[in-house]
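Just so you know, the protein sequences line up as chains A and B, in that order. Sequential numbering of the first sequence, starting at 26, is according to the working numbering. Sequential numbering of the second sequence, starting at 26, is according to the working numbering. Glycine included, every Cβ here is placed at the ideal spot set by N, Cα and C. This structure is a prediction, so every number in the text was calculated from the model and none was measured.
There are 2 protein chains.
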Amino acid sequence: MSEFEYGALASGLTRRFFLEKLGKVGGTAMLLAGMDALGFGIGSAMAAPPKLAGTPKKKKVIVLGAGNAGLSSAYELTKAGYEVTVIEARSFPGGRAQSARKGFSLTELGGEKQTCDFDDGLYINIGPWRIPYHHHSTLHYTKLFNVPLELFNNDNDASFLYMEKGTGPLAGKPIRKGEIAADALGYSSEILAKLSRQGALDGQLSAEDKEKFIEFMVEFGYLDKKDLSYKGTPGRGYLIEPGAGTNPGPGKPSVPYKLNDVLNSGMTKLLHGVADWDQQRTMFQPVQGMEQIPKAIARNLPPGMIRFNTEVQQIRQSPSGVTVNVVKDGQPETITADWCICTIPLSVLKGIDNGLSPAFKAAMEKCAYAPVGKIGLQMKRRFWEEDHSIYGGHVFCDNPDINNIAMPSTGWQSQKGVLLGYYNFGPSAAKVSAKSPADRAAMAVDYGQKIFPAYKESFESSFSVAWHRVKYNLGGWGMWSDEARATAYPVLTEPDGRIYLAGEHLSYIGGWQAGAFESAWQQVERLHARAMKG
Amino acid sequence: MSEFEYGALASGLTRRFFLEKLGKVGGTAMLLAGMDALGFGIGSAMAAPPKLAGTPKKKKVIVLGAGNAGLSSAYELTKAGYEVTVIEARSFPGGRAQSARKGFSLTELGGEKQTCDFDDGLYINIGPWRIPYHHHSTLHYTKLFNVPLELFNNDNDASFLYMEKGTGPLAGKPIRKGEIAADALGYSSEILAKLSRQGALDGQLSAEDKEKFIEFMVEFGYLDKKDLSYKGTPGRGYLIEPGAGTNPGPGKPSVPYKLNDVLNSGMTKLLHGVADWDQQRTMFQPVQGMEQIPKAIARNLPPGMIRFNTEVQQIRQSPSGVTVNVVKDGQPETITADWCICTIPLSVLKGIDNGLSPAFKAAMEKCAYAPVGKIGLQMKRRFWEEDHSIYGGHVFCDNPDINNIAMPSTGWQSQKGVLLGYYNFGPSAAKVSAKSPADRAAMAVDYGQKIFPAYKESFESSFSVAWHRVKYNLGGWGMWSDEARATAYPVLTEPDGRIYLAGEHLSYIGGWQAGAFESAWQQVERLHARAMKG
Ligand SMILES: Cc1cc2nc3c(=O)[nH]c(=O)nc-3n(C[C@H](O)[C@H](O)[C@H](O)COP(=O)(O)OP(=O)(O)OC[C@H]3O[C@@H](n4cnc5c(N)ncnc54)[C@H](O)[C@@H]3O)c2cc1C
Ligand SMILES: Cc1cc2nc3c(=O)[nH]c(=O)nc-3n(C[C@H](O)[C@H](O)[C@H](O)COP(=O)(O)OP(=O)(O)OC[C@H]3O[C@@H](n4cnc5c(N)ncnc54)[C@H](O)[C@@H]3O)c2cc1C
């Protein structure tokens, strides 16, 4: 499941429902490509960068963009003996992999300037924030450059679910996920164990397997061994927690909800037998922000190789080389090279005078970019830890404008912290992004207050981003429909003359840094094979 | 579930089976009290220490033992104006909360001296190693004294299960837990969804709830929406992981095992709908070892308050005070006080000339102490991360001598690491502890080699402990049968004259530090109420 689907699911939007809604808004560049846009890929296959052996004949490479794809291209090519120049419009490396902290500023297209005012040491990862254990390429660079990692708590049974649109007594109340999980699975196990005992599986399972199956259900659902009933389990929590002496002594166990109350709450849609591949434990984050990864790669490039604050305005090529016209501080300049690796997001690239072939231009149009919004809220007190014993993880809700409130997986037990106040997608992201930064914060804080009594009184300052309104991105990540994946996508993975495209959008790990790295590795390898020939 | 049950379950020992085995060995002091010994408590109720207001009339307190119970007693009493002396037989604070690192040495009763030879910075928590998020008392002290915490990865679907005693094709092979979970729950969901559709629940659920229930099963088990069948899920992993471009492109999903192969593997007994209360995420560990907690408390006591290397040999009391005879470096000394808090484990206390009442002496006999063993293995390479993408978590196996191999939740991606090579209990702990440290390590390494091809070649050095053979503990933790809980335990929670017992054994959070802290808090509060009167 991608970051995107994750959001859609969490807010109770099924794929179909979500796309129906999209359909109504349809037609603008920021919208999604259709039903199968959601089917895009989810993992990481290359564990190490390609080995680029030998001396290339033509060595000058211009890399456009200093996000993770551009940085890793530059690093691997430099190591192999290429002469690399990196052109980057922003003043810092990392592209989307950026963290907002004191002094960081952002002006969205047509928006007012925000300058982050968090306390020193506090930050929010406004772009990428987590790394699954199987993203080998991302973890290759953290290891290579000693970027310290800490665990990202992506699944916390002690955290709340909050469903306003459910029915019954649990709707509109913050309920701990572990309680829902225990009861939904306890009752299911009870039903299945009893049906098995009554013979419902006799055609399917041997007598021996049937007993093993019942035993599994008993263990799994914490059933009473004798009558196979579910009566609750300590794992769902206590009314009075066990303690010392005779009072509280053993404490008082909590009481299960009724099965139909659980079903009507709408919360069961957040329970899965195993986590989706992309959302799977173990997850990491770099200590002190995701930007530590691109910063580390950039530090390991020759000084001056990246030309910051330099915008690509025109790209041209001839049979013998590539010419790029850039502007820095209003000053135009022309740079030539033998090869070009272009990592500019397609949403941006197609608006540039790029000189690409008609086939490339047509293919680029088939990639839609996701509207995505995030907001960081600095809280003067970690009430989620202090008052609720929630350490990291997410609160999922069924208001798609909010969708996901996330507690930080760092700074445990310290005084202040920055919450993720919403993580919205698609039409909700578009809607919320029309508000001013202050109004976005007010909306987020009002909603959070319904879940945490200390939300509003603890709020100090905010920083928000709407990626579809960010100049050099125009969207969170690229999305391909099945049809576009089959037709347009393969076109763009080939070189156009001497120009190679790279970036998360040219992978099946879209919306993840691993997609950017592995796409870069692949294109660099191809470029090298050709440059060895001449 | 206690640390103990956890072990028993993990190694595939059901309660009954486990106790049958115990019954055969029975009779020795190190063995368990019986069937219901396993029913003991599991949580933490007091969130903050008692407020001890006012000026006590009699202020001199002698605290026996500087484990977590003794240290927290001393800290809270000192704060309230008492004059405290702490007597500790060991040369360091913390009791069981100790970490083995370079230079740390231990000589078990009748054993040879081990001195830890791990590289600088590496360690193993040979006693307590994890703190559930709801252990409010333990987390009270980490917060109060700024002990940095990091997440302890207690559940890792990417880690292996290894069951030699199962049958079928999965037996004797390391299998990732997530694969077993996906398939067992996928098939179960399929069965239940299909039975529901066929009407098996029509008496039980309304038509609407039935549809919600089927929808839940579809989400939970990743079923095909149309035919309700389970065909695998990306969450169980890939044969070829998705990547960049068109090759690997979308990658190649893995293929589910057969239901009866999964059942026959014996691995389903490790799957639970929610984690048991004590084993629940979120879990923490102090950065650089559990000993950081007692060290922090000790640092916050007046200098010299703890008298180390001082063994209690005799305890006496009169209506007006308590007299304790101690020995340091062969020199006897007598110390008097108004009150005594005794945190010496009952296993040790009953062997001391303690002067307690006959009722206390009888009650102490009813508490059995758990045989428990752990071994740390320093590996020169983190092959579990590098070769298998396993970052933290446990490998569970059905050899009770090993039971649990655990990967460290710290030092991610660094060069070396210390694995927990076994965590054994009961008869297995007794059996393994009879070996020399070198033979224990050889046994652990031989076994690990069956699971990880690089185990043996990576092994550098070991440090093991058998808690039942450790002089000032004589067991891992106290265990109460139901009968003893009802009769003997309440006796010991009352004062015996001017002596108050405290420690993990006097709680329903036995085998956890929270039990020690909360028992101390409770006794300190009672002592204070009495001291206020005179
Ligand atoms: C909200 C959000 C959450 C995410 N969560 C995760 C996550 O948890 N984990 C994860 O691994 N990934 C996550 N991602 C995805 C990840 O951020 C991207 O896949 C990855 O960073 C993309 O790298 P890139 O190099 O392909 O593109 P970019 O980082 O966008 O780099 C492109 C570069 O080109 C530059 N550029 C653009 N136009 C010009 C121009 N005209 N001239 C010069 N330079 C130009 C840009 O400034 C930028 O530096 C998330 C992304 C978003 C938006
Ligand atoms: C293998 C193992 C794993 C564990 N895992 C966890 C875990 O993951 N998380 C967790 O929270 N808890 C865990 N625990 C439990 C935890 O360690 C204990 O509950 C807690 O540390 C007990 O504290 P205490 O003060 O009651 O006893 P102790 O720490 O045993 O303190 C008693 C003190 O008395 C001293 N003493 C004994 N005899 C004398 C004498 N004659 N004279 C003077 N002093 C004496 C001892 O030296 C010791 O310092 C584990 C324990 C073990 C053994």
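Go ahead and pull the three-state DSSP assignment for S613(B). Residue 613(B) lies beyond the range of chain B shown here (26 to 559); nothing can be said about it.
Cutoff 6 Å; reference M557(A); Cβ partners in own chain excluding five residues on either side: Start at 1 with the first residue of the first sequence, and residue 557(A) comes out as number 532. Around M557(A): G79, P81.
When the Cα atoms are used, what is the spatial distance from E283(A) to N289(A)? To locate residue 283(A), count along the first sequence from 1; it is residue 258. To locate residue 289(A), count along the first sequence from 1; it is residue 264. Rather than Glu, the amino acid found at residue 283(A) in this sequence is Lys. Taking C-alpha positions only, K283(A) is separated from N289(A) by approximately 10 Å.
Beta carbon of Y525(B) nearer than 8 Å to that of L552(B): On the second sequence, position 500 is the one that residue 525(B) refers to. On the second sequence, position 527 is the one that residue 552(B) refers to. Yes, the pair counts as a contact, with Cβ atoms nearer than the cut-off.
Under 8 Å between C-beta atoms of P452(A) and G442(A): Position 427 of the first sequence holds residue 452(A). Position 417 of the first sequence holds residue 442(A). Contact: no.
Mapping the DSSP letters down to three states, classify F450(A) as helix, strand or coil. Here residue 450(A) corresponds to residue number 425 of the first sequence, with the count starting at 1. Reduced to three states, the DSSP call for F450(A) is strand.
Beta-carbon gap between V86(A) and I366(A) smaller than 8 Å: Residue mapping note: residue 86(A) aligns to position 61 of the first sequence, counting from 1. Residue mapping note: residue 366(A) aligns to position 341 of the first sequence, counting from 1. Yes, the Cβ-Cβ distance between V86(A) and I366(A) is below 8 Å.
On a CA-only basis, which of L531(B), E508(B), R126(B) is nearest E519(B)? Give me that one, please. Residue numbering aside, residue 519(B) sits at position 494 when the second sequence is read from its first letter. Of the candidates L531(B), E508(B), R126(B), the residue whose Cα lies closest to the Cα of E519(B) is L531(B).
Can you give the Cα-Cα distance for I156(B) and M308(B), rounded to whole angstroms? Here residue 156(B) refers to the residue found at position 131 of the second sequence. Here residue 308(B) refers to the residue found at position 283 of the second sequence. A direct Cα-Cα distance of roughly 5 Å separates I156(B) from M308(B).
Under a CB-based cut-off of 8 Å, is K256(A) close to chain B? The residue labelled residue 256(A) in the question sits at position 231 within the first sequence. At a cut-off of 8 Å between beta-carbon atoms, K256(A) makes no contact with chain B.
Buried versus exposed call for V337(A) [16 or more other C-beta atoms within 10 Å across all chains shown]: Taking the first sequence and counting its residues from 1, the one referred to as residue 337(A) is at position 312. So V337(A) ends up on the buried side.
I need the straight-line Cα distance from M330(B) to Y100(B), nearest angstrom please. Here residue 330(B) refers to the residue found at position 305 of the second sequence. Here residue 100(B) refers to the residue found at position 75 of the second sequence. Looking at the two C-alpha atoms, the distance is approximately 10 Å.
Identity of the residues DSSP links to F308(A) by a beta bridge: One-based indexing of the first sequence puts residue 308(A) at position 283. This sequence places Met at residue 308(A); Phe is not what is there. The partner list for M308(A) (beta bridge, DSSP) reads P157(A).
Using only the alpha-carbon positions, how far apart do F542(B) and P75(B) sit? Counting from one through the second sequence, the residue named residue 542(B) turns up at place 517. Counting from one through the second sequence, the residue named residue 75(B) turns up at place 50. Taking the straight line from one Cα to the other gives about 11 Å.
Out of G559(A), Q304(A), V495(A), which has the shortest C-alpha to C-alpha gap to T132(A)? The sequence position of residue 132(A) within the first sequence is 107, counting from 1. Nearest C-alpha to T132(A): V495(A).
Which ranges would you report for the beta strand (DSSP E) in the stretch 327-404 of chain B if only whole runs of at least 3 residues count? Fully enclosed beta strand (DSSP E) runs of 3 or longer: 335-343, 346-353, 356-362, 364-367, 397-404.
One or two residues paired with L174(B) in a DSSP bridge: Taking the first residue of the second sequence as position 1, residue 174(B) is located at position 149. According to the DSSP secondary-structure assignment, L174(B) is paired through a beta bridge with P311(B).
Segment contact flag, the stretch 353-366 of chain A with the stretch 436-450 of chain A, C-beta cutoff 8 Å, min 3 pairs: When Cβ pairs closer than 8 Å are counted between the two stretches, the stretch 353-366 of chain A is seen not to touch the stretch 436-450 of chain A, the count staying below three.
So D180(B) and G418(B) are in contact, right, with Cβ under 8 Å, and what is the actual spacing, rounded? Looking up residue 180(B) in the second sequence gives position 155. Looking up residue 418(B) in the second sequence gives position 393. Indeed, because the Cβ distance is near 6 Å, the residues count as touching under 8 Å.
Chain A within 8 Å of W505(B), Cβ atoms only: Mapped onto the second sequence, residue 505(B) falls at position 480. The Cβ of W505(B) sits no closer than 8 Å to any Cβ of chain A.
Sorted by chain position, which residues of the same chain lie with C-beta nearer than 7 Å to T167(B)'s C-beta, five sequence neighbours on each side aside? Counting from 1 along the second sequence, the entry for residue 167(B) is found at position 142. Once the five neighbours on either side are set aside, the close Cβ partners of T167(B) are L174, P311, I318.
Mind checking which residues open and close the beta strand (DSSP E) that includes S124(A)? On the first sequence, residue 124(A) is found 99 positions in, with the first residue counted as 1. Unbroken beta strand (DSSP E) run through S124(A): 124-126.
Closest residue to N379(A) among V349(A), K405(A), T335(A) (Cα-Cα distance): As a working mapping, residue 379(A) is identified with position 354 in the first sequence. Selected option, being the one with the closest Cα: V349(A).
Using a beta-carbon distance below 8 Å, is T307(B) in contact with chain A? Walking along the second sequence from the start, residue 307(B) turns up at place 282. Residue-level contact by beta carbon holds for T307(B) and chain A, with a gap shorter than 8 Å.
Which same chain residues end up closer than 6 Å to S458(A) when comparing Cβ atoms and leaving out the 5 residues on each side of it in sequence? Taking the first sequence and counting its residues from 1, the one referred to as residue 458(A) is at position 433. If we look at S458(A) and ignore the five residues flanking it on each side, its Cβ neighbours are G398, A491, R494.
I want to verify the contact list: residues of chain A whose CB lies under 7 Å from the CB of Y158(B), in sequence order. Counted from its first residue, the second sequence places residue 158(B) at position 133. Within chain A, the residues A183, S414, Y416 have their CB atoms less than 7 Å from the CB of Y158(B), given in chain order.
Among G501(B), V549(B), K375(B), whose alpha-carbon lies nearest the alpha-carbon of Y523(B)? Counted from its first residue, the second sequence places residue 523(B) at position 498. According to the sequence shown, residue 523(B) is Arg rather than Tyr. Comparing Cα-Cα distances from R523(B) to each of G501(B), V549(B), K375(B), the minimum goes to V549(B).
Which whole-angstrom value describes the C-beta separation of S486(A) and F143(A), a residue pair presumed to lie in contact below a C-beta threshold of 8 Å? Taking the first sequence and counting its residues from 1, the one referred to as residue 486(A) is at position 461. Taking the first sequence and counting its residues from 1, the one referred to as residue 143(A) is at position 118. That belief holds up - the Cβ atoms of S486(A) and F143(A) are roughly 6 Å apart, short of 8 Å.
Strictly below 9 Å CB to CB, what residues from chain B border A300(A)? Looking up residue 300(A) in the first sequence gives position 275. In chain order: D182, G203, G260.
Report yes if the C-beta of A429(A) is less than 7 Å from at least one heavy atom of ligand 1; otherwise report no. If you number the first sequence from 1, residue 429(A) lands on position 404. The residue you asked about is not Ala; residue 429(A) is Asn in the sequence shown. For ligand 1, not one heavy atom lies less than 7 Å from the Cβ of N429(A).
heavy atom of ligand 2 below 7 Å from T110(B) C-beta: Here the question's residue 110(B) lines up with position 85 in the second sequence. Distance from the C-beta of T110(B) to the nearest heavy atom of ligand 2 is not below 7 Å.
Bridge partners - R407(B), DSSP secondary structure assignment: Start at 1 with the first residue of the second sequence, and residue 407(B) comes out as number 382. According to DSSP, R407(B) bridges with nothing at all.
F143(A), DSSP secondary structure in three states: Walking along the first sequence from the start, residue 143(A) turns up at place 118. Here F143(A) sits in coil by DSSP.
Unbroken stretches of the beta strand (DSSP E), 3 residues or longer, contained in the stretch 493-554 of chain B: Counting only runs of 3 or more, we get 524-526.
With DSSP as the reference, label G246(A) as helix, strand or coil. One-based indexing of the first sequence puts residue 246(A) at position 221. DSSP places G246(A) in helix when its eight states are reduced to three.
Since S162(B) contacts A554(B) with CB under 8 Å, what's their CB separation in whole angstroms? Taking the second sequence and counting its residues from 1, one reaches residue 162(B) at position 137. Taking the second sequence and counting its residues from 1, one reaches residue 554(B) at position 529. The Cβ separation is near 20 Å, so there is no contact.
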